[in-house]
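Novice: Below is a structure I'd like to ask you about.
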Amino acid sequence: RNWGEESDESDESSGPPPLDVWVFSLHPVYRMQTLGFRRPNQVREAVYRHLKDLLLSGRFSPGERLSEPLLAQELGVSRTPVREALMRLAEEGLVELVPGKGARVRVFAPEEVEEVYGVRALLEGEAAREAALRATPWELAELERLLQAIDEALREDYPEQMRRDLEFHRALVRLSGNRTLYRLYEDLLATLALARSALPTLSQDEATRREHRAILEALLHRDPEGARRAVEAHVFRFRDLVVGRLRKEGG
């Protein structure tokens, strides 16, 4: 870009950009190797989206420190968009900003997790009930494909397994056709995924497989109440496991 054009990379100073901004602007190959950024004016949003995706897929552990300089270096950007992204994530309740210590991944209290999973059971249970009544055979076939994709992830790649697991559940809620319900579920999803990251290894667990399959079978058999019960059983088991882990770690 030409200096003088507005850029999300720039700091508040009116002088020339810092060295890392010049490097980022002058080397398109380097730029593509970071986050796939295409234009400088997309940097702020790209950094925010990328860090949020990492949080939701369990790439960071609860309580883990998020170093602003290290993140900026890894992404090939200045510290400004990273700082702003962390502030946005803090507003969403995913990151805590600790005075004098910087940012860290939020740690949830067991009581908060119980609340989140309780709301999830209500929303996703109702979504499953509605999906059993209205989803097309083609939509259910796609849902089954998403379910199979969980087991196709590498056995040691727990973040990818969890990402696919969450995508299966998001697709299930979309099949309800209830846009208000889906919007509420999306608002809950970030908190849910972060709480779930306390137990990142269960997406390919045999019990999880059985529960996922029970949900799908109820949908295929057009059993609204059976689908709702299957979802609730799955959600409440995970609630108990996550809460148990948090209480054990808390002593």
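Going by my numbering, the sequence shown runs without a break in its numbering and finishes at 261. Quick reminder that beta carbons are idealized off the backbone N, C-alpha and C, glycines included.
(1) I'd like the span of the alpha helix (DSSP H) that includes GLU177, first residue to last.
(2) Using the Cα positions of VAL108 and ARG114, report the straight-line distance between them to the nearest angstrom.
(3) Buried or exposed: where does ALA138 fall if 16 or more other Cβ atoms within 10 Å of its Cβ makes it buried?
(4) Rounded to the nearest angstrom, what separates ALA181 and LEU153 at their Cα positions?
(5) For LEU251 and LEU209, what's the separation of their Cα atoms in angstroms?
(6) With DSSP run on the structure shown, which of helix, strand or coil describes ALA119?
(7) Leaving out the 5 sequence neighbours to the left and right, which residues in its chain are closer than 7 Å to ASP175 when beta-carbon positions are compared?
(8) Give the DSSP-derived three-state secondary structure of GLU87 in the structure shown.
(9) Should the stretch 126-143 be called in touch with the stretch 81-100, which here means at least 3 C-beta pairs below 8 Å?
(10) Do VAL126 and THR201 have their CB atoms nearer than 7 Å?
(11) Along the chain, where does the alpha helix (DSSP H) containing LEU61 start, and where does it finish?
(12) Residues bridged to LEU107 by DSSP?
(13) If you draw a straight line from the alpha carbon of ARG93 to that of LEU104, how long is it in whole angstroms?
(14) Taking 8 Å as the limit between beta carbons, can you name the residues of its chain near ALA243, skipping five residues before and five after?
(15) Have a look at the DSSP bridge pairing and note the partners of ARG75.
Specialist: Reading from the atomic positions:
(1) Membership of GLU177 in the alpha helix (DSSP H) is indicated by the continuous run 168-184.
(2) Straight-line spacing of the CA atoms in VAL108 and ARG114 works out to 8 Å.
(3) Buried, because 16 or more other Cβ atoms sit within 10 Å of the Cβ of ALA138.
(4) The straight-line gap separating the alpha-carbon atoms of ALA181 and LEU153 is approximately 7 Å.
(5) So the two alpha carbons sit approximately 8 Å from each other.
(6) Three-state DSSP puts ALA119 in coil, outside helix and strand.
(7) Listed in chain order, the non-local C-beta contacts of ASP175 below 7 Å within the same chain comprise ILE160, SER213, local neighbours out to five positions each way being set aside.
(8) Note that residue 87 is Val in the sequence shown here, rather than Glu. DSSP places VAL87 outside both helix and strand once states are collapsed to three, so it counts as coil.
(9) Look at the beta carbons and you see the stretch 126-143 not touching the stretch 81-100: under three pairs across the two are nearer than 8 Å.
(10) Closer than 7 Å, so yes.
(11) Per DSSP, the unbroken alpha helix (DSSP H) holding LEU61 starts and ends at 53-66.
(12) BP columns for LEU107 point to ALA113.
(13) When only Cα atoms are considered, ARG93 and LEU104 end up about 14 Å apart.
(14) Around ALA243: GLU221, ALA224.
(15) According to DSSP, ARG75 bridges with ARG114.
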